[in-house]
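The block underneath contains the structure these notes are about, expressed in structure tokens.
2 protein chains.
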Amino acid sequence: MNQDYIIPNEWSIIEEGFHKDRVKSSESLFSIGNGAMGQRANFEEDYSGPSFQGSYIAGVYYPDKTRVGWWKNGYPNYFAKVLNAPNWIGLSVSLNGEVLDLNSCKKVVDFKRELNMKEGWLSRSFIAFLNNGLEVKVESKRFLSLTHDEIGAIQYQITPLNQTAQLELSSYIDAGITNEDTNWEDKFWETLSVEHFENQAFIVSKTNKTEFHTCTYNSTQFQVNGQKTNLPASVNKEAHKISLNYSYTIAQNSTLSIIKFGGYVSDRAHHRNDLKHIAKQNIEIANTLQFTGLLEKQVQAWSKIWEMADITISGDVKAQQGIRFNIFQLNQTYLGKDASLNIGPKGFTGEKYGGSTYWDTEAYCIPFYMATKNDEVAKNLLYYRYKHLEKAIENAQKLGFKNGAALYPMVTMNGEECHNEWEITFEEIHRNGAIAFAIYNYTRYTNDYSYLAQAGIEVLIGIARFWEQRVNFSTEKNKFVMLGVTGPNEYENNINNNWYTNYLAKWCLEYTLEQLDKIELEYPNNYKNVVAKTHLLENELKQWKTVAENMYFPFSEEKGVYLQQDGFLDKELVTVDQLPTSERPINQKWSWDKILRSPYIKQADVLQGFYFFEDHFTTEELEKHYNFYEPFTVHESSLSPCVHSILAAKLDKMEQAYTFYLRTSRLDLDDYNHEVHEGLHITSMAGTWMSIVEGFGGMRVKNNQLHFDPKIPKEWEAYSFKVNFRNAIVKVEVNHYEPKISIEGNQNIDVVVNGKKQNSFTELVSASKK
Amino acid sequence: MNQDYIIPNEWSIIEEGFHKDRVKSSESLFSIGNGAMGQRANFEEDYSGPSFQGSYIAGVYYPDKTRVGWWKNGYPNYFAKVLNAPNWIGLSVSLNGEVLDLNSCKKVVDFKRELNMKEGWLSRSFIAFLNNGLEVKVESKRFLSLTHDEIGAIQYQITPLNQTAQLELSSYIDAGITNEDTNWEDKFWETLSVEHFENQAFIVSKTNKTEFHTCTYNSTQFQVNGQKTNLPASVNKEAHKISLNYSYTIAQNSTLSIIKFGGYVSDRAHHRNDLKHIAKQNIEIANTLQFTGLLEKQVQAWSKIWEMADITISGDVKAQQGIRFNIFQLNQTYLGKDASLNIGPKGFTGEKYGGSTYWDTEAYCIPFYMATKNDEVAKNLLYYRYKHLEKAIENAQKLGFKNGAALYPMVTMNGEECHNEWEITFEEIHRNGAIAFAIYNYTRYTNDYSYLAQAGIEVLIGIARFWEQRVNFSTEKNKFVMLGVTGPNEYENNINNNWYTNYLAKWCLEYTLEQLDKIELEYPNNYKNVVAKTHLLENELKQWKTVAENMYFPFSEEKGVYLQQDGFLDKELVTVDQLPTSERPINQKWSWDKILRSPYIKQADVLQGFYFFEDHFTTEELEKHYNFYEPFTVHESSLSPCVHSILAAKLDKMEQAYTFYLRTSRLDLDDYNHEVHEGLHITSMAGTWMSIVEGFGGMRVKNNQLHFDPKIPKEWEAYSFKVNFRNAIVKVEVNHYEPKISIEGNQNIDVVVNGKKQNSFTELVSASKK
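Residue numbers (numbering that gives the first Met the number 0), protein chains in the order written: chain A, 0 to 769; chain B, 0 to 769.
So this is what it looks like as structure tokens:
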């Protein structure tokens, strides 16, 4: 554990005391978002110390020119950057002639931040001792509305404690912002208009190249000791900034509240010409509801989310705080309302990694959203890829594939690849398999075949075609081999016959063939359409079968395990526990060649295959592979501990499962990787959820039945979660004595607990009594 | 062949007719240099069309900030850039109010360029029809003096043909130059002073970061119809430029000659405070010798070079022109006078690839310089690496090696690595072996053991330590393996057990052990010193022996060949002749992953080993490997055809040998790779020389004897070359009837022709009569 300043609390993230060196980390941890926009927990008032300013609008990106060491054919021309958007929260506060700035004032006491996850708001309070002798108390509360997702609200309260204070306030919008992450220091935004109307300010700007038009707006109101007060504004317009300036004398112990509403209106949702008009409407809505009304709706909206998504853990506050933080951040990032959005690895909390969509979505996020929202949300995530199919086909063409073969991008914003390291972009192709697997997973979980029959089958055909073209026949091995790939373990590059990738490819081919058979039989019209649209030939199907049946899998007879890749056993097989801690993490201590020739595994690779295809192997096989590979695994990816936690739980290695769980659930809160200041690891948070539900809870869908095999770490008293399964809400409560399972809604589903099929709700309650 | 505008000529490179689209290519092809400085054949007068301006000072470089896609541990922080230096040749010519500019004038006729390789000068002449009606003839001649290597000279003659011309001339130095190749558009130079004295101009500037101080100077004189004429100068100084401006009315058919001397004086050779003073001295020397005197010395100096280095070919003008072009450019680039210099891949003809030193020097250039200059030159090249040993040890340390293991950089200017693609920088480690091989090669050729005993042995120890640490023991194979390397065939990355690298490593270990034994016995003091200095332990030697004896080499029993790497036979083994030409060159048509998983070979890899270690294998083995690998070779490196030409000649495949010879010798003249505008391929030019001397001539040093096994392509009538071997000048003349070999100087050497040892000079002459 690398930091521990977050105060354990079941429902809130709390920081007490002001420490300048924590500012950037806390800006990440206390981030807020509502799926449509989000922002780091930057201070409203000026802060002259180190800070990472960030406010983001979902789906608004910039195609930054790439930067490469040496250009390789096929590299994409741009890398889509998450875009810092104009700042609407800013308040420059001057009191008796001194700018309020926690970095330069004399002293800060009683500093406290709280991110209230139950209700969805961020608060901050402190007393600042200014250099001019004034003592002032500030309390702010801020949230981005879930119910009105273009509206954010701030209540900022100033109380001078020891004398009257002459306030000079500038409430501004600043569109002259920059990105921390740019390749060439490009300017990303162009300001189109700077306007105001009474206490309302508007800046319309557009992103360069992508031409997303956005109106950033805010309005500013005042209360004195709870009474609405009108203050006259003077306006200051600059090229990229508008400030509404106010003066007011605050009597000692009087409280001036500044109520600020603001946010973004973009042409992703509205006509370009209407943006300012819609922004005004938003201000009207906010004025009608007022801060308290909006907040009330916020609390209700979050309550509805928690009703379904909450996981309780008793007896372990840190574990409870961890899982709620993960669930909260996932919901802040993506709510599944907009099928053109996806789940970026840093959500709205930072810029690193750019792009919005990785294979994380299919491998980690879909199970979470599928179980905690209605099916539509997961389906939207599947349609997202369907809509990108044409671009995936173009992407494959750039790499020399033909005839409709599709390679989905490693990183994308609009379907085009935007990453460029050859070993990832061109070779980490297992991502294609995860996209097919998600279709299977969705269909298995929801029993909804409509996506597959209407759209998914096209995706599967494109992917199958890719695999068939990507392998080649080795006369030496008399098998099909797949050369030059990078597996999920990115600490190996350009390897041959990565078992996981080969296995996924074989499975994709077989699954696609099966689904084609099924669709031909059960949805003959769809079949006819898709064959016509994709120009599918009988010969192709034969070839897919041939490849699937003759795929090569590296296997060691001696060790009795599938090998991660050809030649894995040639490595110097020293396990991780024999590495001095001074050499860890290896990705910071070792040069890349040393990492590559070592046996160390960044994240589950062979074991990712065992996780996806659990049913294909016996528990003994799983155990053998887990025991062989886990000791070489350094877990230097945020996506690693969760899968290992799930597998360890399945193998009754509860201590390991618990350790991995803590690591995944508090990865950011405790800053294991020394990088939380760059933003949070949003997508791996879904893995944390899985490590409880699939790991400890043992939830699986098999033969159209929902199975549970609940276990509980000895450190906990009890835990509970709910999943939405085919319109039933299944609640699982586990303690050391009596696991309880109850169902609401559709009772027409099969639930199997500890291997025993339950026959009624009543029986379920105490089904797995030990 | 991709261009053919160069007129075949035995001694000159000639271009006739002005074509704007050839300007940049010709700027490369007509480059001049004298080992200390060099420049592209840019026009003296203004040219507003596309041009690539370049003038370079040997050893003066800039450590440009690197550019990477994704930073990897161990990457160097900079990439040394070849540095465009201030322009001293510039002449702005205005005639009757119109600027002379071949891009904008009405018509250009009788345009001719000649690079006279015999005498070492560049000339250009043309008649320009200006838009104002003036017809003017211009003749310029330019050279960089070999005998006074800080002095360049230009004679620029203007003759108005149809009317009197009012000339406004500005003879300038421009230090406000930029590089074509910069990563971040940095400014590389800072101007320190801009001065003049009478008709002399001086700009002192220094390079940023590296702080190379340089005085760029020139002086301008005039003759009218051959009579010296003084013209008054007016001076115009700008921040980075100085112009001396002259006016003169040239009568119709009168000729004004502008004589300009200029060049660079740098603190690499002089004290920083003396630069301007030395520049003035250079002008005095030039004034004393005058243009004709300097030119006379130039002709003599080149005559002396050709006396030793010339290769004659009769019956094939293009082949003759090709080989002389190669020999000429090599001598323009490096003359072996300065042990801190080396041979950059583009010499003084362009900026691409940066750095100055690649393994090309050891593998290709040393044999050329060894045979055509005295031993001192090759020895200087060896000492260059000796001086960088400490930095090679640091470089290895950065990658996790210890105890004095040395990894020489892939690209360097001062011993530090400055390339950063992980697959090259960290993994193309065979370069280390080439550096050891050059020590062996030098010692074998010269019989001079002094370098090895006094210095080279330390280099060998550092390299041996590297190999011992770089391998690991595979319990699976019960052998030492080398994982994660890139061989000379850079179309394979991060491969295991590259046969060439493993073989070189084994050889380095054994050779180092042998030399240590020899030095212990014959140079006991040196032995004591080196053991003390390197802390060499007996155990290390044992371990080197163990590794060498147990190195793994991939071999196919079925094919009877060593495999380029593990798994090579898993590839889809389609030979190059079956590739459609539309797919070639694959490095421009295919994405990197497709190249990597293909069997196609960029340049000799296994065959490079067979070339280096010819004696270790039978001719039958060579033939088997040549026949297996050559058909997969795309020769997309300039270094590929020469090695194949040599091996083909050895195998009596004379047609192939000849084809490869033509391709290597006219690579730039005929622009095979469509890139001559970027500069010439200097280092591969040494390979061209080898393909005649070692290929057709069959020259080898074996058992302290000089062997020849001369062959001649059917296209040629005869060819001849000379080599300097242990103070004897051996001249080889070969025709279809009667190969002749003669010796001058030390006759105390053994010469073996066609396997028969020759006993006297007389016998040698007709020794190998067929």
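Here a beta-carbon is modelled for each residue, glycine too, at the ideal position from N, C-alpha and C.
Determine, using beta carbons only, whether residue i comes closer than 8 Å to chain A.
| i | result |
| --- | --- |
| B/Leu-133 | no |
| B/Gly-432 | no |
| B/Lys-345 | no |
| B/Glu-635 | no |
| B/Gly-73 | yes |
| B/Glu-427 | no |
| B/Gly-89 | no |
Determine the chain B residues that contact residue i at a beta-carbon separation under 8 Å, and present them in chain order.
| i | result |
| --- | --- |
| A/Leu-568 | Ser-473, Thr-474 and Glu-475 |
| A/Val-480 | Asp-569 |
How should residue i be labelled, buried or exposed, when 16 other C-beta atoms within 10 angstroms of its C-beta is the threshold for buried?
| i | result |
| --- | --- |
| A/Gly-261 | buried |
| B/Arg-443 | exposed |
| A/Tyr-551 | buried |
| B/Glu-113 | buried |
| A/Gln-220 | buried |
| A/Val-484 | buried |
| A/Ser-11 | buried |
| A/Tyr-407 | buried |
| A/Gln-297 | buried |
| A/Glu-15 | exposed |
Could you work out which residues of chain B lie near residue i, taking near to mean beta carbons separated by less than 7 Å?
| i | result |
| --- | --- |
| A/Glu-420 | Gly-68 and Trp-69 |
So that I know if they touch, is there some Cβ in chain B lying closer than 8 Å to that of residue i?
| i | result |
| --- | --- |
| A/Arg-596 | yes |
| A/Glu-537 | no |
| A/Lys-593 | yes |
| A/Asn-488 | no |
| A/Ser-767 | Confidence at A/Ser-767 is low in this model, with a pLDDT of 44, below 50, so the placement of that residue is unreliable and no value is reported for it. |
| A/Gln-563 | no |
| A/Glu-549 | Note that residue 549 of chain A is Asn in the sequence shown here, rather than Glu. No, A/Asn-549 does not count as interfacial toward chain B. |
| A/Gln-587 | yes |
| A/Asn-758 | no |
| A/Lys-755 | no |
For a contact defined as C-beta to C-beta under 7 Å, what are the partners of residue i on chain A?
| i | result |
| --- | --- |
| B/Val-546 | Ordered by position in chain A, no residue passes the 7 Å Cβ test against B/Val-546, which lies about 14 Å from the chain. |
| B/Gly-483 | Asp-592, Leu-595 and Arg-596 |
Run through chain B and tell me which residues come within less than 9 Å of residue i, C-beta to C-beta.
| i | result |
| --- | --- |
| A/Lys-397 | Ser-590 |
Note down, in chain order, every chain A residue with its Cβ under 8 Å from the Cβ of residue i.
| i | result |
| --- | --- |
| B/Asn-672 | Simply none; closest approach about 15 Å. |
Per the contact definition of three or more C-beta pairs closer than 8 Å, is the stretch 446-460 of chain A in contact with the stretch 514-528 of chain A? The stretch 514-528 of chain A is in contact with the stretch 446-460 of chain A.
Identify every run of the beta strand (DSSP E) within the stretch 117-190 of chain B, keeping only runs that are complete inside it and at least 3 residues long; order them along the chain. Within the stretch 117-190 of chain B, the complete beta strand (DSSP E) runs of at least 3 residues are 120-128, 134-143, 151-159 and 164-173.
Validate contact between the stretch 56-70 of chain B and the stretch 231-243 of chain B using beta carbons, cut 8 Å, 3 pairs: Counting Cβ pairs under 8 Å, fewer than three are found: no touch.
Using 8 Å as the threshold, is the stretch 147-164 of chain B in touch with the stretch 282-302 of chain B, meaning 3 or more CB pairs across them? Proximity of the stretch 147-164 of chain B to the stretch 282-302 of chain B meets the contact definition, three or more beta-carbon pairs being nearer than 8 Å.
Cβ contact (3+ pairs, closer than 8 Å) linking the stretch 580-590 of chain A and the stretch 606-622 of chain A: In this structure the stretch 580-590 of chain A does not touch the stretch 606-622 of chain A; the number of beta carbon pairs closer than 8 Å is below three.
Fully enclosed by the stretch 672-742 of chain B, which beta strand (DSSP E) runs are 3 residues long or longer? Entirely contained in the stretch 672-742 of chain B, the beta strand (DSSP E) runs reaching 3 residues are, in chain order, 699-701, 704-707, 717-724 and 727-734.
Extract the residue ranges of the beta strand (DSSP E) inside the stretch 443-488 of chain B, only unbroken runs of 3 or more that lie entirely within it. Contiguous beta strand (DSSP E) elements confined to the stretch 443-488 of chain B occur at 471-473 and 478-480, taking only those with 3 or more residues.
Under 8 Å: do the stretch 522-536 of chain A and the stretch 625-637 of chain A share three or more Cβ pairs, one atom per stretch? Touching, no.
Are the stretch 650-665 of chain A and the stretch 703-716 of chain A touching, with three or more C-beta to C-beta distances below 8 Å? In short, these stretches touch, since the Cβ pair count reaches three.
Complete runs of the beta strand (DSSP E) confined to the stretch 346-430 of chain A [at least 3 residues]: For the stretch 346-430 of chain A, not a single whole beta strand (DSSP E) run of length 3 or above is found.
Please list the segments of the alpha helix (DSSP H) lying wholly inside the stretch 537-570 of chain A, counting only runs of 4 or more residues, in order along the chain. Every alpha helix (DSSP H) stretch that sits fully inside the stretch 537-570 of chain A and reaches 4 residues is listed by chain position as 537-548.
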